[in-house]
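Colleague: Quick mapping for you: the protein sequence lines, in order, are chains A and B. For what it's worth, this note's numbering labels the leading residue of the first sequence as 20, then goes sequentially. For what it's worth, this note's numbering labels the leading residue of the second sequence as 8, then goes sequentially. The C-beta atom is built at its ideal place from N, Cα and C for all residues, glycine as well. This one's a predicted model, so the numbers in the text were calculated from it and none came from an experiment. The structure follows.
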Amino acid sequence: MPCYIYDGSFDGLLTAIYDAYYNKDFPEQIVSRDNFIDNFLITKVYIQTDEEKSKKVHDAILQKISRHAMSGIMYAYLSEHENAGIYILEYLRFGFKTGRIVDSYLADDRVNNINRLVTKVTREKHLLSGIIRFRLLQNNIYYAPIEPQYNTTCLLGKHFAERMSDQIFVIHDVKRSYGVFYDKNKWFMSDISIKEDIVFHENELFYQELWKHYFDYTTIKSRINPKLQSNHMPKRYWKYLIEMK
Amino acid sequence: MDLNEKIKILSDSAKYDVSCSSSGSSRKNKKGGIGNAAPSGICHSWTPDGRCISLLKILLTNYCIYDCKYCVNRVSNDIPRAAFTPDELVNLTINFYRRNYIEGLFLSSAVCVSPDHTMEMLLKSVKRLREEFNFNGYIHVKAIPGASNVLIEETGKYVDRMSVNIELPSGESLKLLAPQKTKESIIKPMGLIKSGIIQNREEKLKFKSAPQFVPGGQSTQLIVGATKDDDLKILKLSESLYNSYKLKRVYYSAYVPVSNHPNLPAIIKPPLLREHRLYQADWLLRFYGFNSGELLNEENPNFDELLDPKSGWAIRNLDTFPVEVNKADYYTLLRVPGIGVKSAQRIVQGRRVSMLDFDDLKKLGIVLKRAKYFITCKGRYFPQKSIPTNPVSIKNRLLLEDNIRDHENVEQLSLFSLFPDIMAAELHMSRITGVL
Ligand code: SF4
Chain A
20 MPCYIYDGSF DGLLTAIYDA YYNKDFPEQI VSRDNFIDNF LITKVYIQTD
70 EEKSKKVHDA ILQKISRHAM SGIMYAYLSE HENAGIYILE YLRFGFKTGR
120 IVDSYLADDR VNNINRLVTK VTREKHLLSG IIRFRLLQNN IYYAPIEPQY
170 NTTCLLGKHF AERMSDQIFV IHDVKRSYGV FYDKNKWFMS DISIKEDIVF
220 HENELFYQEL WKHYFDYTTI KSRINPKLQS NHMPKRYWKY LIEMK
Chain B
8 MDLNEKIKIL SDSAKYDVSC SSSGSSRKNK KGGIGNAAPS GICHSWTPDG
58 RCISLLKILL TNYCIYDCKY CVNRVSNDIP RAAFTPDELV NLTINFYRRN
108 YIEGLFLSSA VCVSPDHTME MLLKSVKRLR EEFNFNGYIH VKAIPGASNV
158 LIEETGKYVD RMSVNIELPS GESLKLLAPQ KTKESIIKPM GLIKSGIIQN
208 REEKLKFKSA PQFVPGGQST QLIVGATKDD DLKILKLSES LYNSYKLKRV
258 YYSAYVPVSN HPNLPAIIKP PLLREHRLYQ ADWLLRFYGF NSGELLNEEN
308 PNFDELLDPK SGWAIRNLDT FPVEVNKADY YTLLRVPGIG VKSAQRIVQG
358 RRVSMLDFDD LKKLGIVLKR AKYFITCKGR YFPQKSIPTN PVSIKNRLLL
408 EDNIRDHENV EQLSLFSLFP DIMAAELHMS RITGVL
């Protein structure tokens, strides 16, 4: 059985699904180019991303399964899990057979695999909406660098554009070199490569200090429990947290 | 006094106030404004003690004219005092919010000069936030007992949640420990807020554009262990607060000894386990369809500290068990120890497409540790050598399996209960999606 290799985009993944159905040849693996590890037993099939094919799959999911299923596979894709591609294919095959009710098969692995990934991505998205920290720069842009475990940065645009509707901001996924931008009007995504130095606004450090102090004062010293703290807020996120420095 | 020093003094006495919840209100941002209230509530950090920081929790001032025995801020206590100006407070809130440090403001205060004066300052601060700074983030304000109706009603127009702390669960206890406060001075503002909310809801039905009044509802806090009041009395009080005053939440706070006045009990450690049991029971009242009479009665007015209230109830009512997971209705499932709201919803959803056995339950993420004594799948008990069916041995098994770990972690458990609103949020969401 072949291994499908796609360009890493969501459209690429949906194209792979389309091709699998069209060729009636279901692959053993669907991986993005970056995750692919070659070995001589594998028959490689390179997928040519095609927006028309991807749209057809998208429409078919909405029609034959549900909007919920659509967002489920989107989140599963964002998990960047090595098996996300094949899990999505298996889930969709099951979904096209059963229809809307597919998500009630909670104990079925085809559904369960997707749900587990969705939970991880949803959790991180929710966590990040609380723990990203904006720094006010000299040019009046609020700048938040992050390194999420999953590809969740793109899910944060809407939340912050609604919330901070009167401030220009950038949420920068340092690991994946892209970001969410908001210009007081609309938000969009774009690649980022920062060349010049980042210069803080003159008030920035003052508020950072106050926040650090508040964080310290509000801790109940007799109940220190670092394990509980890092259960909620895993250490891998601490790098960009003002209060954890 | 510099701002940092003020923050130090005024956050220090506010930190024990347990309500950190920022959920339950949805306030949309306005064009060109800053902030909105997310109905699900968001934690912004966790302090080294493991508690979630959601709101900037702070006092306007800790100068107090009263002398409540259980309180650090009582006038007879010799501690450093400070007061914010409304401007300072507003600036701090906005600047923290813009940097995504916080979800909003939780503003409380000691009683400075007079209840009316204090309430006026609180009103001034929140009004400025909303009107001058166009701030639409979450605001929770304490209503000061004894303040005039007009001020409390006016404040209600600007905030998401208001609370009046009852603190002591009975009139006698108040007399003993907070002689300047009366039951009436506490109940009055609560009634006022309640009718304000009801009236507002009616207006909203008629005019969509009617201004909001405390859309996140009201809450209160009770101190546990500073008086002789038993769990039954406390739980009954909570129950009537939920039923008659339509409160959103009652918070319980284990009494932290702050002075050794003769009217106070001589305790060294706060009764955290008791607080934890009360939170569990409160949960059962609000989401599981229990009433206080089922959980406690005159003969047993206090919770068994070793056993959670639901298991306790189940063991006393073994005749209603085991229940068959493939048949029992949603509310019956909810009464099974170890099965929570999420698990019950999953079972109901999962069994629509196929009969469930124990392996399926595990795949659904249902923990069988407690539940296995109380359920059957396809008519069979959990496949284990001997599942006891008499109350005493079930209780022993449960205690055994709870093992020592849990008892060492009492503090941890208790702290969990400080932010269970995150879970409430999930509940909320699944309601909307119609799983119930
Ligand atoms: S009125 Fe409030 S702040 Fe003042 S002593 Fe009593 S409880 Fe403490």
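Kindly provide the ranges of any alpha helix (DSSP H) runs that are 4 or more residues long and lie completely inside the segment 265-322 of chain B, ordered along the chain.
Modeller: The qualifying runs are 279-294 and 299-302.
Colleague: Let me check understanding here. Comparing Cα to Cα, which of B:271, B:266 and B:279 lies closest to residue 259 of chain B?
Modeller: Answer by Cα proximity: B:279.
Colleague: For the alpha helix (DSSP H) containing residue 66 of chain A, list its first residue and its last residue.
Modeller: Segment: none, residue 66 of chain A is in no alpha helix (DSSP H) and carries neither H nor E.
Colleague: Taking the alpha carbon of residue 56 of chain B as the point to measure from, which residue in A:249, A:125, A:72 and A:254 has its own alpha carbon closest?
Modeller: Minimum Cα distance to residue 56 of chain B is reached at A:249.
Colleague: Excluding the 5 residues flanking residue 12 of chain B on each side, which residues of the same chain have their C-beta closer than 8 Å to its C-beta?
Modeller: The residues are 89.
Colleague: So, for residue 323 of chain B: in the same chain, excluding its five sequence neighbours on each side, which residues have a beta-carbon less than 8 Å away from its beta-carbon?
Modeller: Taken in chain order, the residues that qualify are 398.
Colleague: Is there a Cβ of chain B sitting closer than 8 Å to that of residue 257 of chain A, yes or no?
Modeller: No - not a single Cβ of chain B is within 8 Å of the one on residue 257 of chain A.
Colleague: Run through chain A and tell me which residues come within less than 8 Å of residue 55 of chain B, C-beta to C-beta.
Modeller: Residues of chain A passing the Cβ test: 238, 243, 244, 245 and 248.
Colleague: Whether or not the segment 20-40 of chain A and the segment 102-117 of chain A are in contact is what I'm after, with contact meaning three or more pairs of Cβ atoms, one per stretch, closer than 8 Å; do they touch?
Modeller: With the cut-off at 8 Å, the segment 102-117 of chain A and the segment 20-40 of chain A touch.
Colleague: Jot down the residue ranges of each uninterrupted alpha helix (DSSP H) in the segment 173-197 of chain A, minimum 4 residues, whole runs only, in chain order.
Modeller: The segment 173-197 of chain A contains these whole alpha helix (DSSP H) runs: 176-182.
Colleague: Can you list, in chain order, the residues of its chain with a C-beta nearer than 6 Å to that of residue 201 of chain A? Leave out the 5 residues immediately preceding and following it.
Modeller: Excluding sequence neighbours, residue 201 of chain A sits near 180 and 188.
Colleague: Leaving out five residues on either side along the sequence, give the residues of the same chain with a beta carbon under 6 Å from the beta carbon of residue 391 of chain B.
Modeller: Cβ neighbours of residue 391 of chain B beyond the five flanking positions: none.
Colleague: Using a Cβ-based criterion (distance less than 7 Å to any ligand heavy atom), does residue 80 of chain B qualify as near ligand 1?
Modeller: Yes, since a heavy atom of ligand 1 falls inside the 7 Å radius drawn around the Cβ of residue 80 of chain B.
Colleague: Taking 7 Å as the cut-off, does the CB of residue 74 of chain B come closer than this to any heavy atom belonging to ligand 1?
Modeller: Yes, Cβ of residue 74 of chain B sits closer than 7 Å to a heavy atom of ligand 1.
Colleague: Along the segment 207-233 of chain B, where does the CB come closer than 8 Å to a CB of chain A? Name the residues.
Modeller: Residues passing the 8 Å Cβ filter: none.
Colleague: How far does the beta strand (DSSP E) with residue 34 of chain A in it extend, from its first residue to its last?
Modeller: That residue, residue 34 of chain A, is in no beta strand (DSSP E); its alpha helix (DSSP H) goes 29-42.
Colleague: Please look up how many angstroms separate the CB atoms of residue 169 of chain A and residue 194 of chain A, rounded, as I've assumed it's under 8 Å.
Modeller: Not confirmed; about 11 Å, so no contact.
Colleague: Return the CA-CA distance between residue 166 of chain B and residue 43 of chain B, expressed in angstroms with no decimal places.
Modeller: Looking at the two C-alpha atoms, the distance is approximately 12 Å.
Colleague: Less than 7 Å between the CB of residue 71 of chain B and some heavy atom of ligand 1, yes or no?
Modeller: True, at least one ligand heavy atom lies under 7 Å from that Cβ.
Colleague: Strictly below 8 Å CB to CB, what residues from chain A border residue 52 of chain B?
Modeller: Those within 8 Å of residue 52 of chain B in chain A are 149, 150, 234, 252, 260 and 262.
Colleague: Here's the rule I'm using: 16 or more other beta-carbon atoms within 10 Å means buried, otherwise exposed. How should residue 281 of chain B be labelled?
Modeller: Answer is buried; the Cβ neighbour count reaches 16.
Colleague: Leaving out five residues on either side along the sequence, give the residues of the same chain with a beta carbon under 7 Å from the beta carbon of residue 156 of chain B.
Modeller: If we look at residue 156 of chain B and ignore the five residues flanking it on each side, its Cβ neighbours are 199.
Colleague: State the CB to CB distance for the pair residue 104 of chain B and residue 41 of chain B, rounded to an integer number of angstroms; the pair is presumed to be in contact (CB under 8 Å).
Modeller: Between residue 41 of chain B and residue 104 of chain B the Cβ distance is about 7 Å, and since that is below 8 Å, they are a contact.
Colleague: What's the gap between the Cα of residue 198 of chain A and the Cα of residue 8 of chain B?
Modeller: Distance between the alpha carbons of residue 198 of chain A and residue 8 of chain B: 41 Å.
Colleague: State the CB to CB distance for the pair residue 220 of chain B and residue 144 of chain B, rounded to an integer number of angstroms; the pair is presumed to be in contact (CB under 8 Å).
Modeller: The pair is not a contact, with the Cβ atoms about 18 Å apart (cut-off 8 Å).
Colleague: For residue 46 of chain A, I'd like the list of residues in its chain whose CB is within less than 8 Å of its CB, leaving aside the five on either flank, ordered along the chain.
Modeller: Excluding residues within five positions, the ones whose Cβ falls inside 8 Å are 20, 21, 22, 23, 35, 39, 64, 105 and 108.
Colleague: Measuring CB atoms only, is the segment 165-185 of chain B touching the segment 220-234 of chain B, in the sense that at least three cross pairs come out at less than 8 Å?
Modeller: Output reads yes: the segment 220-234 of chain B touches the segment 165-185 of chain B.
Colleague: Is residue 150 of chain B close to ligand 1? I mean its beta-carbon at under 7 Å from any heavy atom of the ligand.
Modeller: Result no, Cβ not under 7 Å from ligand 1.
Colleague: Applying a beta-carbon distance threshold of less than 8 Å, which residues of chain A neighbour residue 384 of chain B?
Modeller: Correct list: empty, because the minimum Cβ distance to chain A is about 12 Å.
Colleague: Would you please verify whether the beta carbon of residue 326 of chain B is less than 8 Å from any beta carbon of chain A?
Modeller: Chain A contact via Cβ: absent.
Colleague: So what's residue 103 of chain A in DSSP terms, helix, strand or just coil?
Modeller: Of the three classes helix, strand and coil, the one that applies to residue 103 of chain A here is helix, per DSSP.
Colleague: Going along the chain, which residues of the segment 90-103 of chain A sit with their C-beta nearer than 9 Å to a C-beta in chain B?
Modeller: Under the 9 Å Cβ criterion, the segment 90-103 of chain A contributes no residue.
Colleague: Going by DSSP in three states, residue 230 of chain B sits in which element: helix, strand or coil?
Modeller: Note: residue 230 of chain B maps to strand in three-state DSSP.
Colleague: To the nearest whole angstrom, what separates the beta carbons of residue 132 of chain B and residue 93 of chain B, a pair I think is in contact under 8 Å?
Modeller: Residue 132 of chain B to residue 93 of chain B, Cβ: 4 Å. Contact.
Colleague: Classify residue 192 of chain A as buried or exposed, calling it buried when 16 or more other Cβ atoms lie within 10 Å of its own Cβ.
Modeller: Residue 192 of chain A is buried by the Cβ-count criterion.
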